[in-house]
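Residue numbers (the working numbering), protein chains in the order written: chain E, 240 to 353; chain A, 21 to 130.
By construction, the Cβ of each residue, glycine as well, lies at the ideal position given by its N, Cα and C atoms.
Small disclaimer: the values here were computed from a predicted structure and weren't measured.
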Amino acid sequence: EPEVTQTPSHQVTQMGQEVILRCVPISNHLYFYWYRQILGQKVEFLVSFYNNEISEKSEIFDDQFSVERPDGSNFTLKIRSTKLEDSAMYFCASRGDGLNTEAFFGQGTRLTVV
Amino acid sequence: DAKTTQPNSMESNEEEPVHLPCNHSTISGTDYIHWYRQLPSQGPEYVIHGLTSNVNNRMASLAIAEDRKSSTLILHRATLRDAAVYYCIRRTYAGNMLTFGGGTRLMVKP
């Protein structure tokens, strides 16, 4: 069964450093997402990406965040200068064409900012 | 915003049916009802979705009230592996992202 793959599974970084979280969505999917979940809290939407551009973003997704689909298979989330409060699980998701197709989530990257 | 209401937690015995309720009293005519679940230490996983009619798939059944103001996710025989947080999500017809609420934490007892 096709799946969304995220790497690394766990990343520890120093405050102020840049991190790039990587995702390989399901190959024929067209919509891509990043969500995050702070420990013990709800899953929060960050950004959606379609047709090589951001289609929606939340208030959390400020200038420190950016997304890219550099090569047609990978989908990355960059945090430019990490803060302690960026520590969370980050989930990538993708879905296919169609107005109500289901989203497939990766297993997540645990980001720890120290 | 999520605009659905679910109990914080429920308990079930293994191999018994589980009915997980969701209230969405302000739902509009074109909103779909989606259910996802999140097993411990994993990403969310799609369970089922529907609009008006009841729906069945290999994982569960979804019963939607006639007025669409509530729905119930039915797990026909709960297993220990079904212990998870279950999210009921309203999604507009052309909805893009999912808005997760607090969900219902289902505990399954052997």
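query: CB contact check: E346(E) to chain A, cutoff 7 Å; result: Sequence check: residue 346(E) is Gln here, not Glu. Closer than 7 Å: yes.
query: Chain-order list of residues whose beta-carbon lies under 8 Å from that of L100(A) (same chain, five-residue window excluded); result: E34, V128, P130
query: Among Q253(E), I277(E), V282(E), F300(E), the one whose alpha carbon lies nearest that of F288(E); result: F300(E)
query: E240(E) - DSSP class collapsed to helix/strand/coil; result: coil
query: Cβ-based neighbour list, D325(E), same chain, cut-off 7 Å, excluding 5 preceding and 5 following; result: I318, L350, V352
query: F314(E) beta carbon less than 7 Å from that of F271(E); result: yes
query: Three-state secondary structure assigned by DSSP to R101(A); result: helix
query: Delimiting residues of the beta strand (DSSP E) encompassing P18(A); result: The shown model of chain A, from 21 to 130, leaves out residue 18(A), and the question about it has no answer.
query: Sequence-distant residues of the same chain with beta carbon closer than 6 Å to Y52(A), five excluded per side; result: H69, L71, R111
query: Presumed contact (8 Å Cβ cut-off) between T124(A) and L40(A), rounded CB distance; result: 5 Å
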